[in-house]
Structures are given as C-alpha cells and as structure tokens.
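Residue numbers (my numbering): 4 to 129.
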C-alpha cells in the first residue's frame with residue numbers, strides 16, 4: 004500500500020510539473036480610450052471592437068496590440084458609440100448618437116431618420 008501511495012505521489016508531481024512547464028502565460032494589452040469611457044465591446048476572433056464615448060470605434064488586435072480607430076472622418080455617423088453587434092456575415096452594426104451604421108470591413112452604410120425611417124438618432128442596446 005505504501006508503494007502505491009508513493010507511486011501516486013510521483014505521478015501527480017510529474018503531472019503538476021508538466022502542466023506548469025506548458026501552461027500559458029498571457030500578456031496583457033493596455034488600451035486607453037479617448038475620455039476613458041468604453042460603452043460597448045464585441046469580440047470577433049482575435050479582435051475586440053470597442054465603442055467609446057467620444058473617441059469613435061476601435062478595432063483592437065488581441066495578438067499584436069495593433070489598434071485601428073474609426074471616427075466620423077472614417078464614415079461613422081458619430082464618435083459616441085453606444086452599441087456593437089456582429090452578424091453571421093461578419094458585418095459590424097454600430098449604434099451611435101448619430102444613427103445606426105453597418106460596416107462590412109471596407110464600406111460604411113449609415114441609417115438615419117432622414118434615409119431609413121428610424122424614429123430616433125441615438126441607437127443603444129439594452
């Protein structure tokens with residue numbers, strides 16, 4: 004019985020050492036949003052989409068830390084992003100203070116009261 008306990012202890016110790024030697028040690032990626040307010044997050048593969056209060060939309064690569072910022076100058080209807088949803092085709096639907104935007108990775112389509120019949124400008128998810 005003592006030999007069995009000793010062998011079991013050796014096997015458990017070996018498993019522990021194996022797990023420790025191959026465990027992942029993730030690195031943190033620091034991110035600061037303009038105004039330090041993050042209103043919305045969505046994860047798509049290796050990317051996090053971050054909706055900010057006044058800083059627009061940020062696409063953050065979790066592997067490299069590379070950031071791409073989308074603002075009104077990029078086609079976003081407002082720099083105040085309230086909601087982010089990603090559909091099965093990979094389109095990003097962005098709810099902003101200035102309307103709803105669909106981003107296919109290249110082109111923006113903006114839906115406002117004037118062109119879509121939306122009853123309000125500010126789009127949020129609850």
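Backbone N, C-alpha and C fix where the C-beta goes; we use that ideal spot for every residue, glycine too. Remember, predicted model here, so these are calculated numbers, not experimental data.
| Item | Value |
| --- | --- |
| Identity of the residues DSSP links to residue 52 by a beta bridge | 45 and 62 |
| Collapsed DSSP secondary structure at residue 57 in the structure displayed | coil |
| Length of the line joining the Cα atoms of residue 94 and residue 60 | 14 angstroms |
| Rounded C-alpha distance that separates residue 47 from residue 104 | 17 angstroms |
| Beta-carbon proximity check, residue 43 vs residue 84, cutoff 8 angstroms | yes |
| 6 angstroms CB neighbourhood of residue 73 in its chain, flanking five on each side removed | 59, 60 and 79 |
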